[in-house]
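Notes follow once the structure below has been shown.
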Amino acid sequence: MLKHIVMWKLKEFAEGKTKAENALIMKESLERLVGIVPEIKSLQVGINEKTSDMAYDAVLISTFEDTDALARYKVHPEHVKVSNYCKKIRDSRVFVDFHE
1 MLKHIVMWKL KEFAEGKTKA ENALIMKESL ERLVGIVPEI KSLQVGINEK TSDMAYDAVL
61 ISTFEDTDAL ARYKVHPEHV KVSNYCKKIR DSRVFVDFHE
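Below you can see the structure in the form of structure tokens.
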């Protein structure tokens, strides 16, 4: 199994919404992909609860069968919609992929 972890630092204000509003929209949008994108084995989104310059604002922890499944997920039209929104509201993004 491949674990795919992504963390975002969000803009204070973007797309007419606050950071907190956008974090919630992003969380709900990503969670809706479960059952729509068949490659997703598991998916969890967390919104940071602590304030720190070192902290990221949101994290995605997801699991896929393998790197090919992750590649299919990345180009799935419904994921692309969420990803495009995330690009508009983020300041930065980091990720880690590893096999369990």
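The sequence shown runs 1 to 100 under the UniProt record's numbering.
Even for Gly, the Cβ is constructed at its ideal location relative to N, Cα and C.
A quick note: this is a predicted structure, and the numbers were derived from the prediction, not measured.
### Query
Since residue 89 and residue 11 are thought to touch, with beta carbons under 8 Å apart, how far apart are those beta carbons, to the nearest angstrom?
Against the sequence shown, residue 89 aligns to sequence position 89. Against the sequence shown, residue 11 aligns to sequence position 11. At roughly 6 Å, the Cβ-Cβ gap stays under 8 Å, so residue 89 and residue 11 are in contact.
### Query
How should residue 22 be labelled, buried or exposed, when 16 other C-beta atoms within 10 angstroms of its C-beta is the threshold for buried?
On the sequence shown, residue 22 is found 22 positions in, with the first residue counted as 1. Buried.
### Query
Looking at residue 70 and residue 30, is the spacing between their C-beta atoms short of 9 Å?
The residue labelled residue 30 in the question sits at position 30 within the sequence shown. The residue labelled residue 70 in the question sits at position 70 within the sequence shown. For residue 30 and residue 70, no; Cβs fall outside 9 Å.
### Query
If we count the other Cβ atoms within 10 Å of its Cβ and call it buried at 16 or more, is residue 55 buried or exposed?
Against the sequence shown, residue 55 aligns to sequence position 55. Exposed is the call here.
### Query
How many whole angstroms separate the CB atoms of residue 102 and residue 96, which I take to be in contact at a CB cut-off of 8 Å?
Missing from the structure shown is residue 102; the chain here goes from 1 to 100 and no further.
### Message
Just to confirm, is the Cβ distance from residue 19 to residue 98 under 9 Å?
### Response
As a working note, residue 19 is residue 19 in the sequence shown. As a working note, residue 98 is residue 98 in the sequence shown. In this structure, residue 98 does not lie closer than 9 Å to residue 19 by Cβ.
#### Entry: Three-state secondary structure assigned by DSSP to residue 25
Here the question's residue 25 lines up with position 25 in the sequence shown. Of the three classes helix, strand and coil, the one that applies to residue 25 here is helix, per DSSP.
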